[in-house]
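A.B. asks: Position 77 (the sequence shown) corresponds to 156 in our numbering; numbering is contiguous. From the three backbone atoms N, C-alpha and C, an ideal C-beta is built for every residue, glycine too.
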Amino acid sequence: MKIYVTENYQAMSRKAANIVSAHVILYPSCVLGLATGSTPVGMYRQLVAWYQKDDLDFSQVKTINLDEYVGLAPTHDQSYRYFMQTNLFDHINIVPANTYVPDGLAPDPEEACRRYNDIIHSLGGIDMQVLGIGHNGHIGFNEPGEAYELETHVVDLAESTIDANSRFFARREDVPRQALTMGIKSIMQARRILVVVSGEGKAGIVRAAFAGPVTPQVPASILQLHPDVTLVGDRAALSKL
Ligand code: F6R
Numbered sequence: 080m081k082i083y084v085t086e087n088y089q090a091m092s093r094k095a096a097n098i099v100s101a102h103v104i105l106y107p108s109c110v111l112g113l114a115t116g117s118t119p120v121g122m123y124r125q126l127v128a129w130y131q132k133d134d135l136d137f138s139q140v141k142t143i144n145l146d147e148y149v150g151l152a153p154t155h156d157q158s159y160r161y162f163m164q165t166n167l168f169d170h171i172n173i174v175p176a177n178t179y180v181p182d183g184l185a186p187d188p189e190e191a192c193r194r195y196n197d198i199i200h201s202l203g204g205i206d207m208q209v210l211g212i213g214h215n216g217h218i219g220f221n222e223p224g225e226a227y228e229l230e231t232h233v234v235d236l237a238e239s240t241i242d243a244n245s246r247f248f249a250r251r252e253d254v255p256r257q258a259l260t261m262g263i264k265s266i267m268q269a270r271r272i273l274v275v276v277s278g279e280g281k282a283g284i285v286r287a288a289f290a291g292p293v294t295p296q297v298p299a300s301i302l303q304l305h306p307d308v309t310l311v312g313d314r315a316a317l318s319k320l
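1. I believe Val172 touches Phe137 by the beta-carbon criterion, under 8 Å. Please report the beta-carbon distance rounded to the nearest angstrom.
2. Within the same chain, show all residues whose beta-carbon is closer than 7 Å to that of Ile199, passing over the 5 residues directly before and after it, in chain order.
3. Between the region 122-140 and the region 163-177, do three or more beta carbon pairs fall short of 8 Å?
4. Straight-line CA distance for Gly203 to Cys109?
5. Does ligand 1 have a heavy atom nearer than 7 Å to the CB of Ser117?
6. From what residue to what residue does the alpha helix (DSSP H) around Met207 run?
7. Do three or more CB pairs link the region 272-285 to the region 223-243 at distances below 8 Å?
8. Can you grab the Cα-Cα spacing for the pair Asn87 / Lys94, in whole Å?
9. Return yes when the C-beta of Phe248 is under 7 Å from any heavy atom of ligand 1, and no when it is not.
10. What span of residues does the beta strand (DSSP E) with Val110 cover, start to end?
11. Is the distance from the Cβ of Val149 to the Cβ of Pro175 below 8 Å?
12. Is any heavy atom in ligand 1 found nearer than 7 Å to the beta carbon of Ile284?
13. Is the closest heavy atom of ligand 1 to the C-beta of Gly183 under 7 Å?
14. Out of Met91, Val84 and Lys141, which one is the CA nearest neighbour of Tyr106?
15. Can you determine whether any heavy atom of ligand 3 sits closer than 7 Å to the C-beta of Leu236, and answer yes or no?
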């Protein structure tokens, strides 16, 4: 595993964007697995800035996102589709049909998961997967205790995840209780993984994930078994590693 320690959030974002953009430059038609959440926002901002300077071309890139809330429309400002549009897709020259986010409004979510798996396979798998880590160690919405062998599936969100994400909703009751998420198996099949972490609040879980035992109780710990992981974090998030 490669680890980059940066001084602060801004430097972390820039380093992560460097790694993604190097991949896009070397492999213009690559498949990027993308994450939402607060951590990668600065990275996306940096990628947009480099695109606007003509340093990046996304015209052949395909993206496939980790997860989406069940029940939220793409236009809902807390849906992950909306997040991706406003933070990245609306500002770069990616072809809209080449961006995939699970369908939160699918009448049959299980069927939507099967279709999503088919999409991942038909794209030839994920070249580089970007991941954040939840305070409970989740990756995507794979909560502690989740089976390792799943691909995209429907999950019930942990109470701690509902708590953490309620900061984005008017009321805790508004946070969806379920999500569609790529599974640990889908994530582990990505050829490269880029993990971004920031802030002191993540230091404990980062230590548990990368210096503790590999256990389903800390889903991110499985990444220790992946052959090509790059961890980019600011000093605060990596302080206990
Ligand atoms: C987002 C996702 C989540 C987040 C994690 C960390 O698509 O799948 O696993 O990466 O919850 O979120 P932040 O970055 O907000 O701390």
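C.D. replies: Looking at the atomic coordinates:
1. As a working mapping, residue 172 is identified with position 93 in the sequence shown. As a working mapping, residue 137 is identified with position 58 in the sequence shown. Residue 172 is actually Asn in this sequence, not Val. About 5 Å separates the beta carbon of Asn172 from that of Phe137, a gap short enough to meet the 8 Å contact definition.
2. On the sequence shown, residue 199 is found 120 positions in, with the first residue counted as 1. Ile143, Ile205 and Ser265.
3. Yes, they touch.
4. In the sequence shown, the residue the question calls residue 203 occupies position 124. In the sequence shown, the residue the question calls residue 109 occupies position 30. Distance between the alpha carbons of Gly203 and Cys109: 10 Å.
5. The residue labelled residue 117 in the question sits at position 38 within the sequence shown. If you check the C-beta of Ser117 against ligand 1, you find a heavy atom less than 7 Å away.
6. Position 128 of the sequence shown, counted from the start, is the residue given in the question as residue 207. Taken as a continuous stretch (DSSP letters only), Met207 belongs to no alpha helix (DSSP H), being part of the beta strand (DSSP E) at Met207 to Leu210.
7. In short, these stretches do not touch, since the Cβ pair count stays below three.
8. Position 8 of the sequence shown, counting from 1, holds the residue named residue 87. Position 15 of the sequence shown, counting from 1, holds the residue named residue 94. One C-alpha to the other measures close to 11 Å.
9. Translated into positions along the sequence shown, residue 248 becomes position 169. Checking the Cβ of Phe248 against ligand 1 gives no.
10. For the purposes of this step, residue 110 is taken as the residue at position 31 of the sequence shown. Per DSSP, Val110 belongs to the beta strand (DSSP E) from Val110 to Leu113.
11. Here the question's residue 149 lines up with position 70 in the sequence shown. Here the question's residue 175 lines up with position 96 in the sequence shown. One thing to note: Val149 has its Cβ no nearer than 8 Å to the Cβ of Pro175.
12. Here residue 284 corresponds to residue number 205 of the sequence shown, with the count starting at 1. If you check the C-beta of Ile284 against ligand 1, you find no heavy atom less than 7 Å away.
13. The count along the sequence shown starts at 1 and reaches residue 183 at position 104. Not under cutoff, so the answer is no.
14. Stepping through the sequence shown from its first residue, residue 106 is reached at position 27. Answer by Cα proximity: Lys141.
15. Of the ligands this structure carries, namely ligand 1, none is ligand 3.
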